[in-house]
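Report on the structure given below.
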Amino acid sequence: MKLLLPYAHDINGNLVHIDDAQKGQKYTCPNCGAELLLKISKIPEGQKYHRRNHFAHKGNSDNHCSESFLHKLFKEKCAEYIRKQISAQEDLFFEWGCEKCCEDHKGNLLKKAVEVVTEYDLGVCKPDIALLDEAGKVVIVVEVVVAHKPEPGTLQYYDDNKIACLQINVEDFPDCENITHKLSHPDKVNLCPNPICEKCGNRMNTAKLIKTITRCSYCNEETEIALIATNSCEFFINPYEFTSEEVAIAVNSEIELAKKYSKNKNVTYFVNKCENCNEIVGEIFADGNLRKSCLSETDIGYKCKYCIEEQHYLKTRGYCYSPIQKRWIAAEPNRCPCCFGFMILRKGKYGQFWGCENYPNCHHTENIDVNNN
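Taking my numbering, the leading residue of the sequence shown gets 1, the next gets one more, and so forth.
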């Protein structure tokens, strides 16, 4: 886009806006020092063909000086605003949509910063604005993007040294009059505050235990149930996968959970129970209406949406998780359907039978099919 230069230097070196410029005075480019002309529109604002008043280089339609000065002006105004906030001991919050976890985050730009430096030399790069802590360490940088984004190597350096980098896209000079909004809503932030999943290495998501309403398939009455949901995953975690702490949260929310015991797996687990007929409410993997009918929610830390989605994918394709081998295994002939260990021939009080090799951790047994022997 063609940028129109609204600022110039007068003969005393003062920065003058086009609205305050006077005909007959000499003005120079604040970036290259060349003499400028006043371009005043004769067509009133709001009418067709109106063009904003601006300064222009003699015989030169290139807007390179405008881009360079726009970058410089925004950078200086932004740095000055941050310095004022530090002097006033005010917080400076910013919000961004994270590309790594797909969640919205909020941070405080001045949580550790006590000094602001422009073009600070980090050896491999010079960020537009650097915020330093009391020890003189760079903790946050601001990169002003007008025509060129930061180099990949520069961004990698910020990541490797855990330096938060706020990229702010500046399109035209009116952005320089909107510093507060631009700074509090950066276009991109490199770091994600969410923890990394130890299992798959992806960023985890904020998880909530929700109390919601569904309809019982037995009595067709509405009943309250407990599920765990994350901000960016459409699938739910059902009570049989709850930790003891999560079960306690559900009970404190006055949700009736039924305790079940699996002899085959030798484990006790919980399920949702209909408060009307006491029948078990089956597994619920995805239902957007349950989010809409949510009665309450409790923060429970983080869950990995990638692992949740993987489990759903494997379950729907006949896989089961083996607590003995601690991995997902496909169903195969001569395999235990509970833990996927091999079924071996055993002899008991009433004769031979098939028993799981992982006994006593797994109690699954099968009768011998006489017709196939």
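Note that the Cβ used here is the ideal one computed from N, Cα and C, for glycine as well.
All figures in this text were calculated on a predicted structure; none of them were measured in a lab.
Nonlocal neighbours in the same chain, by C-beta distance under 6 Å from His9, ignoring five residues either side:
The residues are Thr28, Pro30.
What residues are listed by DSSP as bridge partners for Asn272?
Leu257
Count the CB pairs spanning the segment 115–131 and the segment 92–105 that are closer than 8 Å, and state whether there are at least three.
no
Out of Tyr261, Phe270, Ser262, Glu241, which has the shortest C-alpha to C-alpha gap to Ile255?
The shortest Cα separation from Ile255 among Tyr261, Phe270, Ser262, Glu241 belongs to Phe270.
Using the DSSP secondary-structure output, state which residues sit across from Leu166 in a beta bridge.
Val142, Val189
Within the chosen definition, does the segment 129–142 reach the segment 64–73 through at least 3 CB pairs nearer than 8 Å?
no
Pull up the CB-CB distance for Lys162 and Leu183, whole angstroms please, since I reckon it's below 8 Å.
Wrong, their Cβ atoms sit about 21 Å apart, outside the cutoff.
Taking 7 Å as the threshold (C-beta atoms), are Lys39 and His54 in contact?
yes
Is it true that the segment 175–189 meets the segment 202–216, where meeting means three or more beta-carbon pairs spaced less than 8 Å apart?
no
Would Gly341 and Asn358 be called neighbours here (beta carbons separated by less than 7 Å)?
Yes, the Cβ-Cβ distance between Gly341 and Asn358 is below 7 Å.
Local conformation of Phe74 per DSSP, three classes:
Helix, per DSSP.
Mind checking Gly355: buried by the 16 CB within 10 Å criterion, or exposed?
buried
In whole angstroms, what is the alpha-carbon distance linking Asn372 and Phe353?
Here Asn372 scores only 49 on pLDDT, less than 50, and its place in the model should not be relied on; the value that follows carries that caveat. Going by the C-alpha atoms only, they are around 14 Å apart.
Can you tell me which of the three DSSP states Asp10 falls into?
The DSSP-derived three-state label of Asp10 is coil.
What is the DSSP secondary structure of Gln47, counted as helix, strand or coil?
coil
Could you check what DSSP says for Lys305 in three-state terms: helix, strand or coil?
Assigned with DSSP and collapsed to three states, Lys305 falls in helix.
Just how far apart, CA to CA, sit Ile7 and Leu227?
At residue 7 the sequence reads Tyr, which differs from the Ile that was named. The straight-line gap from Cα to Cα measures roughly 58 Å.
Cβ neighbour criterion (16 or more within 10 Å) applied to Gln167
buried
Beta carbon of Ala56, beta carbon of Leu37: below 7 Å?
Contact flag set, yes.
Residue nearest to Cys78 in terms of C-alpha spacing, selected from Gly33, Ala286, Ile129:
Ile129
My guess is that Cys216 and Cys277 are in contact by the Cβ rule of under 8 Å, so how many angstroms apart are they, rounded?
6 Å
Measuring CB to CB, does Ile300 end up less than 7 Å from Ala207?
Taking 7 Å as the Cβ cut-off, Ile300 and Ala207 qualify as a contacting pair.
Can you tell me whether His148 is helix, strand or coil according to DSSP?
coil
Where Ala34 and Lys48 are concerned, what is the direct C-alpha to C-alpha distance, given to the nearest angstrom?
Ala34 and Lys48 have their C-alpha atoms some 31 Å from each other.
Go ahead and pull the three-state DSSP assignment for Ala135.
coil
In angstroms, rounded to a whole number, what distance separates the CA positions of Leu292 and Glu246?
The question names Leu, yet the displayed sequence has Lys at residue 292. Computed Cα separation, rounded: 22 Å.
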